[in-house]
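Structure first, commentary second.
In the numbering used here, the protein residues as written are -3 to 131.
Here it is, written out as C-alpha cells:
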C-alpha cells in the first residue's frame, strides 16, 4: 500500500472513531484452546426484523482479523468466505446488512484487500428502537 493510500485509510478510520466505539476483539488461550470474546449485546440484534444470527458469526469472523497497525480488520473477501463457510456472494450481502444496522463500516483499498471497522454493539434499549431498520 502506498503512503498516500495508507494516509487515506487512516483518515477514514479516524473519522469513524470520532463518532463510534470500535470493537477490538480479545483473544484468550487456556490449555491450548483459543477463544475470542463476543460482545453479548450482539445477540440483541436478532430481535431486529430481518437480522439473521449468521450475521453475528460473520461479525466475529471479521473482528478476528483485527490489525493493530491499522486499527481495523483487514482481509480479502475470499478469505472471509472460507473462514465463515459461506459463499462470496452471501458474505457480500451480509456485510451490507451489518453496515445497515450500524455494526460495521468497510472500504476496499487499491491493494485488493478490504478494511472493516467493527463497531461496538449498541445497548439492548437502543437496539429495540431499531426493530424495523432492515425493512
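Just so it is clear, CB atoms sit at the ideal spot from N, CA and C, and this is done for glycine as well.
In this text the structure is predicted, and so the values were computed from the model without any measurement.
Below 8 Å, how does it come out for the stretch 67 to 87 and the stretch 119 to 127: are there three or more Cβ pairs, yes or no? no
Does DSSP classify residue 95 as helix, strand or coil? helix
Go ahead and label residue 5 buried or exposed: buried means 16 or more other beta carbons lie within 10 angstroms of its beta carbon, across all protein chains shown. buried
Starting from residue 2, trace the alpha helix (DSSP H) both ways and give me its first and last residue. -1 to 15
So for residue 22, helix, strand or coil by DSSP? coil
Once the 5 residues before and after residue 55 are set aside, which same chain residues still bring their CB inside 8 Å of it? 38, 94, 99, 100, 114
Which whole-angstrom value is the C-beta distance of residue 66 and residue 9, which I expect to be below 8 Å? 7 Å
Collapsed DSSP secondary structure at residue 37 in the structure displayed: helix
Does DSSP classify residue 63 as helix, strand or coil? strand
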